[in-house]
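Here's the structure, in structure tokens; my notes come after.
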Amino acid sequence: MKNTKKRKLKIGNLIIVGVGVCLVVGIIMIISKFTKTETNEPHEYIATVMIDAGHGGYDGGTIAVDGTAEKDLTLAYALETGKQLEKLNPDIKVVYTRTSDKVSWPEDEAKDLRARVKMAKEKKADYYFAYHINSNLDPSCSGYVSYIRKDDKEGKKITDYMSKNLSSLEWTYDRGTLTTESSPLHVVDSQKIPSILFEVGFGTNPKEIKKIENKKIQKKISKAVAKALNKHITKMNKKSEDDENK
Numbered sequence: 030m031k032n033t034k035k036r037k038l039k040i041g042n043l044i045i046v047g048v049g050v051c052l053v054v055g056i057i058m059i060i061s062k063f064t065k066t067e068t069n070e071p072h073e074y075i076a077t078v079m080i081d082a083g084h085g086g087y088d089g090g091t092i093a094v095d096g097t098a099e100k101d102l103t104l105a106y107a108l109e110t111g112k113q114l115e116k117l118n119p120d121i122k123v124v125y126t127r128t129s130d131k132v133s134w135p136e137d138e139a140k141d142l143r144a145r146v147k148m149a150k151e152k153k154a155d156y157y158f159a160y161h162i163n164s165n166l167d168p169s170c171s172g173y174v175s176y177i178r179k180d181d182k183e184g185k186k187i188t189d190y191m192s193k194n195l196s197s198l199e200w201t202y203d204r205g206t207l208t209t210e211s212s213p214l215h216v217v218d219s220q221k222i223p224s225i226l227f228e229v230g231f232g233t234n235p236k237e238i239k240k241i242e243n244k245k246i247q248k249k250i251s252k253a254v255a256k257a258l259n260k261h262i263t264k265m266n267k268k269s270e271d272d273e274n275k
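In the working numbering, each residue carries its 1-based index in the sequence shown increased by 29.
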């Protein structure tokens, strides 16, 4: 009788162990299946935005009155805007012309500008946004300004949203949206997609450069730009979906 009980206990234990192993294997298979699905299936983005940090590498750009190089400020704004845009809408893909001071193009201004346009095409960007810092011989000059192509209706809508967002922050003087007719800009004029070159403010204005360099202000301005891009892109995507459903 004792042997019979022992055999029964052993069989029971084996069954319990067997069931446990099956459960563990099953759970692993389920987790593995979901992990593979997430990894293998590409994310379907509604748009790709290329953010261009003006200058970089050999080209420092404008040197502010306090000695700060434009290239460092444009990079800070570009990276923060990309971060804010991805946070606002994960369905918008953000790509950059550079993410550090290291540049991939040669030390030649013409080739430099062509490289940025080429990158936008290679990355299949739907929108292009470049950051710059303005300068003037008159140290009292202040304000932000956007440049677009004359026929760029989408670019104009985005800059209108930007102006509204920035005005609510009471960020400096709005110099408006200008077209490249009077001020040709290769990185804007050579694109077929909505393209904006945004001058945040004047590095030659002692008071304004302090604000431009302020980390809190950088975040606010970057978020205002990201919100404008997201608002327009979301609207365009919804319009496209509505047209398809008609």
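Just so you know, even glycine gets a beta-carbon here, dropped at the ideal spot from N, CA and C.
Using a 10 angstroms sphere on the CB of Gly205, the tally of other CB atoms stays under 16, which defines it as exposed. Within the model, the alpha-carbon separation for Lys260 versus Ser169 is close to 33 Å. Taking 3 residues as the minimum length, the beta strand (DSSP E) runs contained wholly in the stretch 147-224 are 156-163, 173-177 and 203-208, in order along the chain. Excluding its 5 nearest sequence neighbours in each direction, Lys131 has C-beta neighbours in its own chain below 7 Å: Gly86, listed in chain order. Here the stretch 202-217 does not lie against the stretch 266-273, with fewer than 3 beta-carbon pairs under 8 Å apart. Under a 10 Å Cβ-count criterion, Asn163 is classified as buried, with 16 or more other Cβ atoms of the shown protein chains found around its own Cβ.
For the 8 Å CB-CB criterion, Asn266 and Ile80 do not form a contact.
DSSP places Gly111 in the helix class (H, G or I) of the three-state scheme. Remark: C-beta atoms of Thr103 and Tyr160 approach each other more closely than 8 Å. Here DSSP, grouped into helix, strand and coil, assigns Thr263 to helix. Residues Thr77, Met79 and Val124 of the same chain have their beta carbon placed closer than 7 Å to that of Lys152, with the five preceding and five following residues left out of the count. Relative to Ser129, the option among Thr110, Asp101, Glu138 and Gln113 whose CA is nearest is Asp101. In the three-state reduction of the DSSP assignment, Thr97 falls in the coil class, being assigned neither a helical nor a strand state. Counting every other CB atom within 10 Å of its CB across the protein chains shown gives Asn234 a total of 16 or more, marking it as buried. Three or more beta-carbon pairs separated by less than 8 Å link the stretch 185-198 to the stretch 247-264, which places the two stretches in contact. Ranked by Cα distance from Ala154, the options Glu138, Lys244, Thr126 and Glu136 are led by Thr126. Within the same chain, and ignoring the five residues on either side of Ser196 in sequence, the residues whose Cβ sits closer than 7 Å to its Cβ are Asp203.
Assignment of Val132 by DSSP, reduced to helix, strand and coil, places it in the coil class. Asn118 and Ser212 have their C-alpha atoms spaced approximately 33 Å apart. The Cβ atoms of Val229 and Tyr173 lie closer than 8 Å to each other. Distance check between Ile241 and each of Ser171, Ser224 and Tyr176 places Ser171 closest, using alpha-carbon atoms only.
Gly232 is a Cβ neighbour of Thr91, given a cutoff of 8 Å.
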